[in-house]
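Below is one structure, written out as structure tokens; comments come after it.
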Amino acid sequence: MSACTTSPIVANAHCLRSSRRNVKAGAVVPGKGPGSPRWYEIHEELVSSSKVREATADDVQAIISGRKRNGVVIDVRQSLEHEEWRIPGTMNVPYLVPFENPLRRASGYFLSIKGGLKERNKTFVDEMDVATSMKKNNTVILVDLRGGDLDIEPNVGSTSVSDAGDSNALRAAYELVQSGYRDVRYIKGGFRTLIEEGSLPWESEKYGGLLERVSDGTRQTLMYSNLLPDPSLAPGVLVQVFALLVLAVLQGGDSAAIP
Numbered sequence: 009m010s011a012c013t014t015s016p017i018v019a020n021a022h023c024l025r026s027s028r029r030n031v032k033a034g035a036v037v038p039g040k041g042p043g044s045p046r047w048y049e050i051h052e053e054l055v056s057s058s059k060v061r062e063a064t065a066d067d068v069q070a071i072i073s074g075r076k077r078n079g080v081v082i083d084v085r086q087s088l089e090h091e092e093w094r095i096p097g098t099m100n101v102p103y104l105v106p107f108e109n110p111l112r113r114a115s116g117y118f119l120s121i122k123g124g125l126k127e128r129n130k131t132f133v134d135e136m137d138v139a140t141s142m143k144k145n146n147t148v149i150l151v152d153l154r155g156g157d158l159d160i161e162p163n164v165g166s167t168s169v170s171d172a173g174d175s176n177a178l179r180a181a182y183e184l185v186q187s188g189y190r191d192v193r194y195i196k197g198g199f200r201t202l203i204e205e206g207s208l209p210w211e212s213e214k215y216g217g218l219l220e221r222v223s224d225g226t227r228q229t230l231m232y233s234n235l236l237p238d239p240s241l242a243p244g245v246l247v248q249v250f251a252l253l254v255l256a257v258l259q260g261g262d263s264a265a266i267p
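The numbering used here numbers the first residue of the sequence shown as 9 and each following residue consecutively.
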């Protein structure tokens, strides 16, 4: 049996990476980036569709344990973050990916954005079709760090105010509903809710030792604030250190000029 025909609840990074080279971009209105509606419009579509609703930690556990066979749990974070740590049994289909343009991607490094500046994954829906084997009546649970909340009324008008209910998971759900998925769910509070309140396990080959040695509060900060060390963060750190040194020199010069 091919590795790509195993149970869909088992993360298969090799198969998904292969699919990214072969799929074509779906004809959907994007949930993020150029051409996307405002969040309050996306919110209205999701609520009126009746196809997107909240899931619980028990729902996630039922799928990853195999008790519920007609569903998948999808981690929509970038692959770099999924590789750092994850909930066992989840699959990774990133909704945001590093810019293909290397200059735009690199600009994020100097802002300490892990993995560089990102854009919407244009083949997200196609990759989801591969991950779900096109079974669009099955349950799809999307998880990210924020989670989202459709019960929070969105801001209407100004786009300068961040919506507390907005999330990449819900914007990804917006695209899946357009593509015919009928049972899409999200987790209020994202991974923190599943792990800290739902007591679901996490795993990390790369940082497991570190995360187990630090205090629980520090572990949560490192995981949910996306602060685990990565080489892509180095340029931004250097820029900040340089800026602080320049500021210190300027302040020192001003002090010296005072009679």
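Positions of the beta carbon are idealized from the N, C-alpha and C atoms, including for glycine.
Since the model is a prediction, treat every value here as computed from it, not as a measurement.
query = Which two residues bound the contiguous alpha helix (DSSP H) that contains G216?
reply = Run containing G216: G216 to R221, per the alpha helix (DSSP H) assignment.
key: Nearest residue (CA-CA) to S3, options D157, F132 and E205   = Outside the displayed range of the chain (9 to 267) lies residue 3, so it cannot be described from this structure.
inquiry  = Just verifying my parser: in three-state terms, what is the DSSP assignment at D134?
reply    = It is helical.
key: Uninterrupted alpha helix (DSSP H) stretches inside the stretch 62-120 (no shorter than 4 residues)   = Along the length of the stretch 62-120, whole alpha helix (DSSP H) runs at least 4 residues long occupy 65-72, 87-92 and 110-117, reported in chain order.
query = What separation, rounded to the nearest whole angstrom, lies between the Cα atoms of N163 and A70?
reply = For the pair N163 and A70, the Cα-to-Cα distance works out to about 35 angstroms.
ask   = What is the C-beta distance between G173 and G156, in whole angstroms, given that I count them as a contact (C-beta under 8 angstroms)?
value = Indeed they touch by this definition, with Cβ atoms about 6 angstroms apart.
key: Simplified DSSP state of I282, which is helix, strand or coil   = This structure cannot settle anything about residue 282, because the visible part of the chain is limited to 9 through 267.
request  = Give me the Cα-Cα distance between L178 and G39, rounded to the nearest whole angstrom.
outcome  = Distance between L178 and G39, taken at the CA atoms: about 9 angstroms.
request  = Tell me, please, whether the stretch 175-190 touches the stretch 53-63 by the rule of three or more beta-carbon pairs shorter than 8 angstroms.
outcome  = Note that the stretch 175-190 touches the stretch 53-63; at least 3 beta-carbon pairs, one per stretch, sit closer than 8 angstroms.
query = Nearest CA to the CA of S268: which residue from G216, L218 and E127?
reply = In the structure as shown, the chain starts at 9 and stops at 267, and residue 268 therefore has no counterpart that could be examined.
key: Buried/exposed call for Q248, threshold 16 Cβ in 10 Å   = Below a pLDDT of 50, predicted positions are generally treated as unreliable, and Q248, at 47, falls in that range; no measurement from the model is reported.
key: Residue from G41, V80 and K122 whose Cα sits closest to the Cα of D137   = Of G41, V80 and K122, the residue nearest in Cα terms is V80.
request  = Assign V84 to one of two classes, buried (16 or more other C-beta atoms within 10 Å of its C-beta) or exposed (fewer than that).
outcome  = Buried, since its Cβ has 16 or more Cβ neighbours within 10 Å.
ask   = Using the C-alpha atoms, what's the distance from A35 back to T226?
value = Looking at the two C-alpha atoms, the distance is approximately 43 angstroms.
ask   = Among the residues of its own chain, which have a CB less than 6 angstroms from the CB of C123, if the five just before and after it don't count?
value = A small correction: the amino acid at residue 123 is Gly; Cys does not occupy that position in the sequence shown. So the qualifying residues of the chain are Q86, L88, P106 and S240.
Identity of the residue in P110, M99 and L111 nearest V8 by Cα = Given that the chain is displayed from residue 9 to residue 267, the structure contains no residue 8 and the question cannot be resolved.
task = Compute the Euclidean distance between the alpha carbons of K144 and D191, then round it to the nearest angstrom.
result = Answer to the nearest angstrom: the Cα atoms are 8 angstroms apart.
query = Y194 bridges to which residues according to DSSP?
reply = According to DSSP, which records beta bridges pairwise, Y194 is partnered with E62 and L150.
task = With DSSP collapsed to three states, give me the class of E127.
result = E127 falls in the strand class under three-state DSSP.
message = Going by DSSP, what residue range makes up the alpha helix (DSSP H) through M231?
response = For M231, the uninterrupted alpha helix (DSSP H) run begins and ends at D224 to Y232, by DSSP.
task = Could you tell me which residues DSSP pairs with E211 in its beta bridges?
result = Per DSSP, R94.
Inter-residue Cα distance where the pair is L158 and I203 = Between the C-alpha atoms of L158 and I203 there is a straight-line separation of about 21 angstroms.
inquiry  = Quick check on this structure: which residue in K76, V60, M142 and S175 has the alpha carbon closest to the alpha carbon of R46?
reply    = Nearest option by C-alpha distance: S175.
inquiry  = Within 10 Å of its beta-carbon, does E205 have 16 or more other beta-carbons around it, so buried, or fewer, so exposed?
reply    = Residue burial annotation: E205 is exposed, with fewer than 16 other C-beta atoms found within 10 angstroms of its C-beta.
inquiry  = Just verifying my parser: in three-state terms, what is the DSSP assignment at R179?
reply    = Annotated three-state conformation of R179 is helix, per DSSP.
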